[in-house]
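Asker: Quick note, our numbering runs 743 ahead of the 1-based positions in the sequence shown.
Below is a structure I'd like to ask you about.
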Amino acid sequence: MSFSPDERGFYGQFGGAYIPEMLYANVEELRLKYLDIINNERFQKEFHRLLKYYVGRPSPLYYAERLSNRYGTHIYLKREDLNHTGSHKINNTIGQILLAKELGKKRIIAETGAGQHGVATATVCALMGMDCVVHMGETDVKRQMPNVLRMKMLGAKVIPSMSGNRTLKDAGNEAIRDWINNPTDTHYLIGSVVGPHPYPDLVAKFQSVISEEIRWQLKEQTGSELPDYVLACIGGGSNAMGAFYHFIDDAAVKLIAVEAAGLGVDSGETAASIARGTDGVIQGARTKLMQNADGQIIEPYSISAGLDYPGIGPAHAYLHSIGRTIVLDATDDEAIKAAFELTRLEGIIPALESAHALAALPKMKFLSSDVVVVNISGRGDKDMETYIKALR
């Protein structure tokens, strides 16, 4: 199965590459070479070797018995939180660092919100001996300090972004400016299924290992490769695309994407870009984003730094437009409640991002025979300060 864009990078009306002229050569080099490189047998062998022996894949598919009893169904947790660096982000950074080496790049830049992609990028740069610069909104630097310290220990230079509301979107803007100023030796290692083509396809292919594993792990545990539901949180959408990828052609599998509602989708303080968004262009791709009548981006809000983004990956916009995915939302308070529920029932502290996916469970009606997979995209170490505040 291969869910891919057309030759111009479009999924229906979404996608493409809307880029400044100064970046054309960089993006065109990627577009012309990425498929030949990543489909090469030598590349695939090294990619999977590192996933197995360095990242620790396959990540477990865990039957959550007490959580299942709570909701009267069968709930399995895909434990991406157990990967090296603590999230799904390492799958993509391993792939892109190998691609960058093939392209002869010596310097890596990245954007990050929750810091998980920044940590994963800094990790693979340390592994490969490459210079690493991570752009991160000043707001996120403050609320995700444990990950900032990890990046610095790994040798990365962390540059706070001071524009806008100083979160993920602004970090992405600064990373693009950096790339424009350093076009020849630098690879921009985008962390989600966003940005100009070929990035959404590139990241989706590297993250598809998640759903590839879910299929054979379910077969092993239940006798069937197909669940009834797959749930994942969605900001830009990399973990959701990874969890959905190998089920897109299986109409019987319901794909549930959960957005960050913040204080509520109608509150004006939200990051629910499908619920509140319209068609437009953000950071190089046509997709759904929150914007005003003049096309100016509306600043998003979420308690979760990794979901605090005003748009969504173009492939997700397309899947929603054709009715293939169901999009729900969860508020800050609902996510916090869901995080504590999983912690108390299963002894697993999820990332705030993943907690949004868990928060959809009480909003759904399941049959007792249903098989439900929830992607736990990251661990909650980075969010302990927020969780501790909720205990007071």
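Note that the Cβ used here is the ideal one computed from N, Cα and C, for glycine as well.
Small disclaimer: the values here were computed from a predicted structure and weren't measured.
If you scan the stretch 882 to 954 from start to end, which runs of the beta strand (DSSP E) of 3 or more residues do you find wholly inside it?
Answerer: Listed in chain order, they are 900 to 904, 929 to 931.
Asker: Taking just the CA atoms, how far does Ile1046 sit from Lys821?
Answerer: In the sequence shown, counting from the first residue as 1, residue 821 sits at position 78. In the sequence shown, counting from the first residue as 1, residue 1046 sits at position 303. When rounded, the distance between both Cα atoms is 23 angstroms.
Asker: Ser981: buried (16+ other C-beta within 10 angstroms of its C-beta) or exposed?
Answerer: Locating residue 981 in the sequence shown gives position 238, counting from the first residue. It is buried - the Cβ of Ser981 has at least 16 other Cβ atoms within 10 Å.
Asker: Just the Cα atoms here: how many angstroms apart are Ala975 and Arg850?
Answerer: Counted from its first residue, the sequence shown places residue 975 at position 232. Counted from its first residue, the sequence shown places residue 850 at position 107. Computed Cα separation, rounded: 32 angstroms.
Asker: CB-CB under 7 angstroms to His1063, same chain, minus the five flanking residues each way: which ones, in chain order?
Answerer: On the sequence shown, position 320 is the one that residue 1063 refers to. Taken in chain order, the residues that qualify are Ile1017, Val1070.
Asker: With a CB to CB cut of under 6 angstroms and the five nearest residues on each side skipped, what residues in its chain are close to Ala1138?
Answerer: With the chain covering 744 to 1135 only, the question about residue 1138 has no answer from this structure.
Asker: Would DSSP call Asn826 helix, strand or coil?
Answerer: Indexing the sequence shown from 1 puts residue 826 at position 83. It is coil, neither helix nor strand.
Asker: List the DSSP bridge partners of Gln1034.
Answerer: Taking the first residue of the sequence shown as position 1, residue 1034 is located at position 291. DSSP, once it has assigned bridges, lists Ile1040 as partnering Gln1034.
Asker: Classify Asn1149 as buried or exposed, calling it buried when 16 or more other Cβ atoms lie within 10 Å of its own Cβ.
Answerer: Summary: the structure shown does not reach residue 1149, with the chain confined to residues 744 through 1135, and so no result is reported for it.
Asker: For His831 and Ser1120, I'd like the C-alpha separation in whole angstroms.
Answerer: By 1-based counting over the sequence shown, the position of residue 831 is 88. By 1-based counting over the sequence shown, the position of residue 1120 is 377. Approximately 6 angstroms, taken between the alpha carbons.
Asker: Nearest to Gly752 by alpha carbon, out of Asp1072, Gly1056, Ile781?
Answerer: Within the sequence shown, numbered from 1, the residue matching residue 752 stands at position 9. Among Asp1072, Gly1056, Ile781, the Cα nearest to that of Gly752 is on Gly1056.
Asker: Taking the DSSP output, what are the residues bridged to Lys821?
Answerer: Stepping through the sequence shown from its first residue, residue 821 is reached at position 78. Paired residue(s): Leu804, Asn1118.
Asker: Ends of the alpha helix (DSSP H) at His1099?
Answerer: As a working mapping, residue 1099 is identified with position 356 in the sequence shown. Element bounds for His1099: 1095 to 1101.
Asker: Going by alpha carbons, who is nearest to Gly880 out of Asn908, Arg1029, Gln787, Ile781?
Answerer: The residue you call residue 880 lines up with position 137 of the sequence shown. The shortest Cα separation from Gly880 among Asn908, Arg1029, Gln787, Ile781 belongs to Asn908.
Asker: Starting from Thr1129, trace the alpha helix (DSSP H) both ways and give me its first and last residue.
Answerer: Residue 1129 sits at position 386 when you count from the first residue of the sequence shown. Start and end: 1127 to 1134.
Asker: Could you name the residues of the same chain whose beta carbon sits closer than 6 angstroms to that of Ile902, not counting the 5 residues immediately before and after it, in chain order?
Answerer: Translated into the one-based positions of the sequence shown, residue 902 becomes position 159. His878, listed in sequence order.
Asker: Here's the rule: buried if 16 or more other CB atoms are within 10 angstroms of the residue's CB, otherwise exposed. What is Thr1021?
Answerer: The residue labelled residue 1021 in the question sits at position 278 within the sequence shown. Exposed: under 16 other Cβ atoms inside 10 Å.
Asker: So what does DSSP say about Thr864, is it helix, strand or coil?
Answerer: As a position in the sequence shown, residue 864 is number 121, starting the count at 1. The answer is helix: DSSP assigns Thr864 an H, G or I state.
Asker: Could you have a look at Ala975 and say whether DSSP puts it in helix, strand or coil?
Answerer: Within the sequence shown, the letter at position 232 stands for residue 975. Three-state result, Ala975: strand.
Asker: Do you know offhand how far Tyr761's Cα is from Gly1027's?
Answerer: One-based indexing of the sequence shown puts residue 761 at position 18. One-based indexing of the sequence shown puts residue 1027 at position 284. Rounded to the nearest angstrom, the two C-alpha atoms are 4 angstroms apart.
Asker: Using DSSP bridges, identify the partner residues of Arg1151.
Answerer: Because residue 1151 is not part of the residues shown, which for the chain are 744 to 1135, the question remains open.
Asker: Determine whether the beta carbon atoms of Asp824 and Arg1122 lie at a separation below 8 angstroms.
Answerer: Walking along the sequence shown from the start, residue 824 turns up at place 81. Walking along the sequence shown from the start, residue 1122 turns up at place 379. For Asp824 and Arg1122, yes; Cβs fall inside 8 angstroms.
Asker: For Met879, which residues does DSSP report across the bridge?
Answerer: Residue mapping note: residue 879 aligns to position 136 of the sequence shown, counting from 1. In DSSP, Met879 forms a bridge with Thr855, Pro903.
Asker: Would you list, in sequence order, the uninterrupted beta strand (DSSP E) runs of no fewer than 3 residues that lie entirely inside the stretch 1046 to 1116?
Answerer: Here the runs fully enclosed are 1068 to 1074.
Asker: Just to confirm the assignment, what range does the beta strand (DSSP E) spanning Gly1023 have?
Answerer: Within the sequence shown, residue 1023 is the residue found at index 280, counting from 1. Per DSSP, Gly1023 belongs to the beta strand (DSSP E) from 1021 to 1025.
Asker: Return the first residue and the last residue of the beta strand (DSSP E) that Ile999 is part of.
Answerer: As a working mapping, residue 999 is identified with position 256 in the sequence shown. From DSSP, the beta strand (DSSP E) with Ile999 extends over 997 to 1005.
Asker: Taking the CB atoms as reference points, tell me whether Thr1074 and Ala1014 lie closer together than 8 angstroms.
Answerer: Along the sequence shown, one-based indexing puts residue 1074 at 331. Along the sequence shown, one-based indexing puts residue 1014 at 271. Contact: no.
Asker: CB Thr1030 to CB Ala986, shorter than 8 angstroms?
Answerer: Along the sequence shown, one-based indexing puts residue 1030 at 287. Along the sequence shown, one-based indexing puts residue 986 at 243. For Thr1030 and Ala986, no; Cβs fall outside 8 angstroms.
Asker: Would you kindly work out how many angstroms separate the C-alpha atoms of Asp749 and Ser951, rounded to a whole number?
Answerer: For the purposes of this step, residue 749 is taken as residue 6 along the sequence shown, with counting starting at 1. For the purposes of this step, residue 951 is taken as residue 208 along the sequence shown, with counting starting at 1. Cα-Cα distance, rounded: 18 angstroms.
Asker: Candidates Leu841, Lys776, Phe746, Thr836: which alpha carbon is nearest Lys788's?
Answerer: Taking the first residue of the sequence shown as 1, we reach residue 788 at position 45. It is Leu841.
Asker: Rounded to a whole number of angstroms, what is the C-alpha to C-alpha distance between Pro801 and Gly1038?
Answerer: Position 58 of the sequence shown, counted from the start, is the residue given in the question as residue 801. Position 295 of the sequence shown, counted from the start, is the residue given in the question as residue 1038. For Pro801 and Gly1038, the distance between alpha carbons rounds to 43 angstroms.
Asker: Taking Cβ to Cβ, would you say Leu804 is nearer than 8 angstroms to Gln1034?
Answerer: Within the sequence shown, the letter at position 61 stands for residue 804. Within the sequence shown, the letter at position 291 stands for residue 1034. The answer is no: Cβ separation not under 8 angstroms.
Asker: Taking DSSP's pairing of strands, which residues face Gly758 in a bridge?
Answerer: On the sequence shown, residue 758 is found 15 positions in, with the first residue counted as 1. Phe753, Arg1029, per the DSSP bridge assignment.
Asker: So Gly758 packs on Pro943, CB below 8 angstroms; how close in whole Å?
Answerer: Mapped onto the sequence shown, residue 758 falls at position 15. Mapped onto the sequence shown, residue 943 falls at position 200. Between Pro943 and Gly758 the Cβ distance is about 6 angstroms, and since that is below 8 angstroms, they are a contact.
Asker: Mapping DSSP to helix, strand and coil, what is Ser1010?
Answerer: Residue mapping note: residue 1010 aligns to position 267 of the sequence shown, counting from 1. Of the three classes helix, strand and coil, the one that applies to Ser1010 here is coil, per DSSP.
Asker: Less than 8 angstroms between the C-beta atoms of Cys875 and Lys912, yes or no?
Answerer: Along the sequence shown, one-based indexing puts residue 875 at 132. Along the sequence shown, one-based indexing puts residue 912 at 169. No, the pair does not count as a contact, with Cβ atoms beyond the cut-off.
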